[in-house]
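Protein chains in written order, with this note's numbering: chain S, 196 to 727; chain U, 168 to 514.
Where a beta carbon is used, it is the ideal one built from N, C-alpha and C, also for glycine.
Source: prediction; values computed, not measured.
Here is the structure we will look at, set down as C-alpha cells.
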C-alpha cells in the first residue's frame with residue numbers, strides 16, 4: 196500500500212525563496228550515499244543481465260510468451276487504473292465536497308481497504324466465488340485493493356482546494372456539473388495523476404493476488420522462473436522489461452506539464468467551502484459507497500471471519516507459530532520503517548531547502564525506485580547476496596534493507612511534505628536568538644517535521660507488513676512471517692488455517708493506516724499550514 | 168547600546184547584484200528606517216546584518232566589533248541581533264511564553280523575564296496561547312518580545328507591519344516605537360512604505376540601486392531630496408521644467424521663488440522644479456492664478472487631493488492639495504497659485 200501526494204504547493208516563504216543558501220557538505224554527501232544505496236538493485240540487475248549476455252537475453256525475450264505477458268499486463272493496467280481513477284475521484288468528491296450523510300464514517304471506511312493486502316482480497320473473493328479467476332477477477336480484485344491510492348491524494352486535494360475558485364465559476368454562470376469538470380477536477384489534477392501513477396506501478400509489481408487468480412503477468416512469470424524453474428537468466432531478462440515498463444510510466448507522468456500548481460493572491464485564509472447538496476442523488480450515492488465498502492472490505496473480512504468461526508479447532512494453527520510470525524513481521528517492518536524514515540530525512544531536507552538542478556536530479560533518482568517491483572529488488576539482492584555478500588544472504592538485515600529500498604519513496608513523500616512546511620527562516624530566528632546550528636535544528640525543525648517522520652514510519656510499516664513478493668524470496672532461513680505463512684497455507688488451499696494470519700496482518704496494518712489517514716486530512720488542510 | 172555600521176557592502180545572487188557598495192551608519196539607540204521599493208535588496212541587507220548570509224565584499228561592524236568582512240565572520244548566534252521577520256515567524260509548536268523565552272537560558276525560561284516582556288508588549292494573560300490563536304498584531308508583538316528577550320545589541324525588523332490591516336497598523340506601529348524607545352535599543356526597520364518610514368523613524372535611509380542614496384532625518388529627506396527622482400519617491404511631487412534665473416524660475420505655473428543656496432542659483436538655465444501638492448493652491452472662487460480644470464478629486468476626509476489640468480494647451484496634469492472642506496466635482500474650473508519656495512535641479 197502506498198500513498199502519493201501532489202506537490203506540497205504551499206511552501207511557506209519565510210526568508211524568501213530568492214536567497215540561495217550554500218548546500219552543507221554533510222547533507223549533500225549523506226543524500227548522495229542514500230541515492231547510491233537505493234540504486235544498488237538497478238546496478239546489480241544490469242550486472243546480472245550483462246553476465247547473461249545480450250544474445251541469450253534477446254532469445255529469452257523475443258518469444259511468444261513475452262508478447263502475451265505484455266498484453267496481459269497492459270490491458271490489466273489500463274482498465275484497472277481507469278476504474279481506480281473513477282472510483283477514487285467520485286468517492287473523494289462525495290465525501291469531501293457534498294453534504295453526504297455520515298461523511299466521517301465513510302472517510303474512514305473507504306480508506307480501510309488500503310490496510311488489506313491485495314492477495315487477502317483475492318483470497319476473500321476466491322473463497323466466496325471460486326470461479327472468479329482470470330482477467331476479470333484480476334480487474335475486480337486489484338480495483339478494490341488499489342482505489343485508495345487515488346482516493347487519498349485526491350481527497351486531500353479537494354480538502355485543501357480554494358473554494359473561492361468554484362464560487363467564482365458559479366458566479367460566472369457555470370452550472371454545478373460544469374464547475375466540477377472545469378474547476379474542481381483541474382484543481383485535483385496532479386493528485387489524480389499521482390494516484391494513477393501509483394496504481395499502475397502497483398499493478399506491475401503485484402504477485403500474490405495474480406498467482407491466486409491464475410492471471411499471468413511479468414511479475415508472476417519472473418517469480419515462477421526463479422522459484423520453480425531456477426531459471427535466473429530468464430528471470431533477469433523479464434525483469435528488464437518490467438523495469439522498463441515502470442520507467443516508461445514514471446517518465447510519462449513526469450513529462451506531463453505540471454498545471455496543478457495553485458497560485459493565490461493575498462493571505463491564505465482557512466475557509467471551508469460550502470458543501471453541495473446531493474438532493475435526490477443521496478440514496479444512489481449511499482448505495483454505491485456501501486457496495487464499494489462491502490466489496491473491498493466486507494468480502495475479505497467476512498470470509499476471514501467465516502473461516503475463523505467455521506474452520507474448526509483442528510485446523511487452527513498453534514498459538515506459538517502465529518505469535519512468532521507476528522513478532523517477526525512486526526520486528527522486520529518496524530526496523531525497515533525506521534530505516535526508511537531515517538534515510539528520507541537528508542534527501543527531503545536537501546530537496547526542499549537547497550533547490551538546484553542537481554538536488555532535483557538526486558531526488559528524482561531516489562523516486563526511480565518506485566518503478567522497481569518487489570520481485571526485481573529481491574532478485575537483485577539475491578544476486579548481490581549469493582555473489583558478494585554470502586554471510587548476509589537470507590538474513591534479517593537483507594530483508595529489512597529490501598523493504599527500506601522498496602518503500603523509500605513513501606517515506607520521502609511523507610517527510611518532504613512536512614519539511615516544506617518547516618521554513619528555514621525559523622531555524623535562522625533560533626540562531627539569531629543564540630542557538631548553535633544543530634541545537635536550532637533539534638529545537639525548531641525536528642518538532643515541526645516529527646509528524647512527517649511518524650507518517651513515513653507508519654506508511655513503510657504498513658507496506659512492509661503486507662508485502663509478500665520480496666518476502667517470499669528473501670525471508671531468513673527457518674523464519675515464517677505472517678505473509679509467507681498465509682501464503683503457504685493458501686497455496687495448499689488450507690483457507691481456514693490461513694485465516695488467522697490474514698486477520699493479524701490486517702490488524703497490524705489498520706492502526707498505521709488510520710493514523711496516516713488522519714495525518715493526511717490534517718496536513719493538507721490550509722489551516723495546518725504556518726500562517727500568521 | 169551599540170551602533171551599527173556597514174561599509175561598502177556587496178552581495179550578488181548569481182548575476183543579480185543586489186547590494187552594490189552599501190554604506191550605512193546607524194547611530195546607537197536610534198530607530199532607522201531603510202526605505203526601498205520591493206526588490207531593492209532591503210531584506211538582503213537585514214539578512215547580512217543578522218548573519219544569515221555572508222557578504223561578498225565590504226564590512227559590517229556592530230558597536231566596535233567587526234562581524235562580517237574579509238577574513239572575519241561571526242555566526243548569527245553570536246551576534247546578539249534580534250530579528251523580527253515580516254510574518255513574525257513564531258515557532259508554531261510553542262506557546263507565547265515558550266516563544267518569548269526561546270533564547271533565554273533554560274532556568275530563566277519560566278521566570279520573571281518572560282512575564283515582564285509579556286507585560287511590555289501588552290500580552291499579559293495570553294502566555295499559554297499558541298501562535299495560530301493570536302491575531303496578526305499580537306503575533307507581531309510576540310515576535311518583538313522574543314527578539315528583545317535576549318537583550319540584543321540591535322533589533323532588525325523586516326516590514327513588520329505589512330501583514331497587518333491598515334486599522335491595526337497605526338496602533339501596532341505606535342506601540343512598537345514606544346517599546347523600542349523604552350528598551351533603549353538600536354533598531355533598523357526596512358519598509359517600502361514611505362509614510363511609515365517618515366512617521367516612525369528617527370533616521371531614514373533610502374536604498375536605491377544597491378546603495379544608500381540618501382540618509383537623514385525624515386524632515387531633511389522630505390525637504391531636501393538629493394535629486395528629482397528622490398523627490399518623487401518621498402511624497403507626492405510635481406516636477407516641472409523651467410528656466411532659472413537667480414532665485415526665480417519661469418515655469419508653466421508662472422514665476423516661482425527658489426530656495427536660497429541651490430546649485431541652480433549661480434548656474435541658471437534649464438531646470439527641474441519640485442512643487443509639492445501642498446504648495447499649489449486650487450481656488451474655486453476665481454481670483455488671480457493660472458486657469459485650470461479639475462480632472463479628478465480624491466477625497467480623504469482630512470484633506471482632498473485634486474488632479475488638475477492647466478487650460479493652456481499641452482499641459483501635464485498636476486496634483487494639488489486643498490483644505491478638504493468640500494469635494495470638488497471633476498470639470499470645475501479653478502485658479503492655481505503657488506506658495507512658498509521651491510527646490511530645483513539642473514536638468
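Outcome for residue 496 (chain U) when other beta-carbon atoms lying within 10 angstroms are tallied against a minimum of 16: As a working note, residue 496 (chain U) is residue 329 in the second chain. Residue 496 (chain U) comes out exposed.
Contact with chain U by residue 624 (chain S), beta-carbon distance below 8 Å: If you number the first chain from 1, residue 624 (chain S) lands on position 429. Answer yes: the Cβ-Cβ gap between residue 624 (chain S) and chain U drops below 8 Å somewhere.
Short CB-CB distance (under 8 Å) between residue 720 (chain S) and chain U: To locate residue 720 (chain S), count along the first chain from 1; it is residue 525. In this prediction, residue 720 (chain S) scores a pLDDT of 39, lower than 50, which makes its location untrustworthy; no coordinate-derived value is stated.
Contacts around residue 268 (chain U), its chain only, beta-carbon distance under 6 Å, and the 5 residues preceding and following it disregarded: The residue you call residue 268 (chain U) lines up with position 101 of the second chain. Only 276 and 281 meet the Cβ criterion.
Interface flag, residue 297 (chain U) vs chain S, CB-CB below 8 Å: In the second chain, counting from the first residue as 1, residue 297 (chain U) sits at position 130. Not a single CB atom of chain S sits nearer than 8 Å to the CB of residue 297 (chain U).
Interface residues of the region 596 to 629 of chain S facing chain U [CB-CB below 8 Å]: 618, 620, 621, 623, 624, 625, 626, 627, 628 and 629
Spatially closest choice to residue 224 (chain U) from U:203, U:208, U:254 and U:187, by CA coordinates: Reading the second chain from its first residue, position 57 is the one you call residue 224 (chain U). Minimum Cα distance to residue 224 (chain U) is reached at U:187.
Closer than 8 Å to chain S by CB, residue 243 (chain U): Stepping through the second chain from its first residue, residue 243 (chain U) is reached at position 76. By this cut-off, residue 243 (chain U) is an interface position.
Beta-carbon proximity list for residue 219 (chain U), same chain, < 7 Å, skipping 5 on both sides: Sequence index remark: in the second chain, residue 219 (chain U) carries index 52 (1-based). So the list reads 243, once near-sequence residues are dropped.
Residue of S:351, S:237 and S:274 minimising C-alpha distance to residue 291 (chain S): Here residue 291 (chain S) refers to the residue found at position 96 of the first chain. Closest by alpha carbon: S:351.
CA-to-CA distance, residue 533 (chain S) to residue 483 (chain S), given in whole angstroms: Numbered from 1 along the first chain, position 288 holds the residue referred to as residue 483 (chain S). Numbered from 1 along the first chain, position 338 holds the residue referred to as residue 533 (chain S). About 39 Å.
Pick from S:519, S:578 and S:640 that is closest to residue 428 (chain S), judged by C-alpha positions: If you number the first chain from 1, residue 428 (chain S) lands on position 233. Looking at the Cα atoms, S:578 is the closest of the given residues.
Counterpart residues of residue 176 (chain U) in DSSP-defined beta bridges: The residue labelled residue 176 (chain U) in the question sits at position 9 within the second chain. Its beta-bridge partners are U:189.
Cβ neighbours of residue 229 (chain S) in the same chain (closer than 6 Å, five flanking residues each side left out): Here the question's residue 229 (chain S) lines up with position 34 in the first chain. The answer, listed in chain order, is 538 and 542.
For residue 212 (chain U), the nearest candidate out of U:196, U:360, U:239 and U:184 (CA to CA): As a working mapping, residue 212 (chain U) is identified with position 45 in the second chain. It is U:184.
Cα-Cα separation between residue 369 (chain S) and residue 707 (chain S), rounded to whole angstroms: For the purposes of this step, residue 369 (chain S) is identified with residue 174 of the first chain, where counting begins at 1. For the purposes of this step, residue 707 (chain S) is identified with residue 512 of the first chain, where counting begins at 1. If I take the Cα positions, the gap works out to 41 Å.
Chain U residues whose Cβ lies nearer than 7 Å to that of residue 639 (chain S): Locating residue 639 (chain S) in the first chain gives position 444, where the first residue counts as 1. Residues of chain U passing the Cβ test: 258.
Residue-level contact to chain S via CB, residue 468 (chain U), 8 Å cutoff: As a position in the second chain, residue 468 (chain U) is number 301, starting the count at 1. Not closer than 8 Å to any Cβ of chain S, the Cβ of residue 468 (chain U) fails to qualify, so no.
Interface positions of the region 190 to 223 of chain U facing chain S (Cβ-Cβ less than 8 Å), listed along the chain: 210, 211, 214, 217, 218, 219 and 220
Closest by C-alpha distance to residue 604 (chain S), when choosing among S:367, S:393 and S:334: Counting from 1 along the first chain, the entry for residue 604 (chain S) is found at position 409. Considering only alpha carbons, the answer is S:393.
Contact belief for residue 700 (chain S) with residue 315 (chain S) at Cβ below 8 Å, rounded distance in angstroms: In the first chain, residue 700 (chain S) corresponds to position 505, counting from 1. In the first chain, residue 315 (chain S) corresponds to position 120, counting from 1. Confirmed, about 7 Å.
Test item: CB-CB of residue 420 (chain U) and residue 407 (chain U) under 8 Å: Counting from 1 along the second chain, the entry for residue 420 (chain U) is found at position 253. Counting from 1 along the second chain, the entry for residue 407 (chain U) is found at position 240. Against a cut-off of 8 Å, the Cβ pair of residue 407 (chain U) and residue 420 (chain U) comes out as a contact.
Buried or exposed (CB count within 10 angstroms, at least 16 for buried), residue 556 (chain S): Here residue 556 (chain S) refers to the residue found at position 361 when the first chain is read from its first residue. Its Cβ having fewer than 16 others within 10 Å, residue 556 (chain S) is exposed.
Opening and closing residue of the alpha helix (DSSP H) in which residue 142 (chain S) lies: Nothing about residue 142 (chain S) can be reported from this structure: the residues present for chain S run from 196 to 727 only.
Whole-angstrom distance between residue 377 (chain U) and residue 206 (chain U), CA atom to CA atom: For this step, residue 206 (chain U) is matched to residue 39 along the second chain. For this step, residue 377 (chain U) is matched to residue 210 along the second chain. Linking residue 206 (chain U) to residue 377 (chain U) through their CA atoms gives a straight-line distance of about 10 Å.
For residue 479 (chain U), three-class secondary structure by DSSP: Locating residue 479 (chain U) in the second chain gives position 312, where the first residue counts as 1. Coil, per DSSP.
Residue 465 (chain S) burial status per 10 Å Cβ neighbour count (16 or more: buried): For this step, residue 465 (chain S) is matched to residue 270 along the first chain. Note that residue 465 (chain S) scores 42 on pLDDT, short of 50, meaning its location in the model is unreliable and no value can be drawn from it.
Residue 221 (chain S), DSSP secondary structure in three states: For the purposes of this step, residue 221 (chain S) is identified with residue 26 of the first chain, where counting begins at 1. DSSP places residue 221 (chain S) in helix when its eight states are reduced to three.
Selection from S:319, S:286 and S:303 that minimises the alpha carbon distance to residue 711 (chain S): Here residue 711 (chain S) is taken as the residue at index 516 of the first chain, counted from 1. Out of S:319, S:286 and S:303, S:303 has the C-alpha closest to the C-alpha of residue 711 (chain S).
First and last residue of the uninterrupted alpha helix (DSSP H) at residue 505 (chain S): In the first chain, counting from the first residue as 1, residue 505 (chain S) sits at position 310. Note, residue 505 (chain S): alpha helix (DSSP H), 494 to 505.
Cβ-based contacts, 8 Å cut-off: residues of the region 259 to 290 of chain U near chain S: 259, 260, 269 and 270
Between the CA atoms of residue 610 (chain S) and residue 650 (chain S) - distance to the nearest angstrom: Locating residue 650 (chain S) in the first chain gives position 455, counting from the first residue. Locating residue 610 (chain S) in the first chain gives position 415, counting from the first residue. Cα to Cα, the separation comes out at about 8 Å.
Same chain, Cβ closer than 6 Å to residue 312 (chain U), neighbours up to 5 away in sequence not counted: Taking the first residue of the second chain as 1, we reach residue 312 (chain U) at position 145. Once the five neighbours on either side are set aside, the close Cβ partners of residue 312 (chain U) are 267, 284 and 288.
Cutoff 8 Å: residue 249 (chain U) Cβ touching any chain S Cβ: Residue numbering aside, residue 249 (chain U) sits at position 82 when the second chain is read from its first letter. Against chain S, the CB of residue 249 (chain U) has a partner CB under 8 Å away; the residue lies at that interface.
Which of helix, strand or coil DSSP assigns to residue 412 (chain U): Taking the first residue of the second chain as 1, we reach residue 412 (chain U) at position 245. Of the three classes helix, strand and coil, the one that applies to residue 412 (chain U) here is strand, per DSSP.
Separation of residue 636 (chain S) from residue 694 (chain S), as counted between CA atoms: Here residue 694 (chain S) refers to the residue found at position 499 when the first chain is read from its first residue. Here residue 636 (chain S) refers to the residue found at position 441 when the first chain is read from its first residue. So the two alpha carbons sit approximately 47 Å from each other.
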